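Structure below.
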């Protein structure tokens with residue numbers, strides 16, 4: 140499981156865009172912490188991963204508002220995600 144990669148597509152809903160988070164589906168949660176904390180996130184256009192907040196209770200990665208705006212992510216935009 141160390142080298143396993145989960146790839147999925149996520150169609151952004153309006154509340155994700157407005158509040159700047161990304162919901163993490165069940166198949167990817169096994170690779171994320173069981174408790175709230177920081178995770179490294181590598182976004183298109185970044186040279187290095189950045190720390191973002193992860194809420195394990197709601198399975199959400201926060202801190203994406205600026206990236207969503209910069210990349211003109213709107214409701215219905217489909218993102219390719221790898222964990």
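Residue numbers (the numbering used here): 140 to 222.
All C-beta atoms, glycine included, are put in the ideal place defined by N, C-alpha and C.
Treat the numbers as computed from the prediction; the structure is a model and nothing was measured.
Which word fits residue i, buried or exposed, when buried means at least 16 other C-beta atoms lie within 10 angstroms of its C-beta?
| i | result |
| --- | --- |
| residue 215 | exposed |
| residue 223 | Since the first residue of the chain shown is 140 and the last is 222, residue 223 is not available in this structure. |
| residue 161 | buried |
| residue 143 | exposed |
| residue 174 | exposed |
Taking the Cβ atom as the reference point for each residue, do residue i and residue j lie within a distance shorter than 8 Å?
| i | j | result |
| --- | --- | --- |
| residue 193 | residue 179 | no |
Give me the Cα-Cα distance between residue i and residue j, rounded to the nearest whole angstrom.
| i | j | result |
| --- | --- | --- |
| residue 222 | residue 209 | 22 Å |
| residue 148 | residue 213 | 15 Å |
| residue 181 | residue 187 | 6 Å |
| residue 211 | residue 164 | 23 Å |
In the DSSP output, what is residue i paired with across the bridge?
| i | result |
| --- | --- |
| residue 148 | 219 |
So the beta strand (DSSP E) residue i belongs to, where does it begin and stop?
| i | result |
| --- | --- |
| residue 190 | 189-194 |
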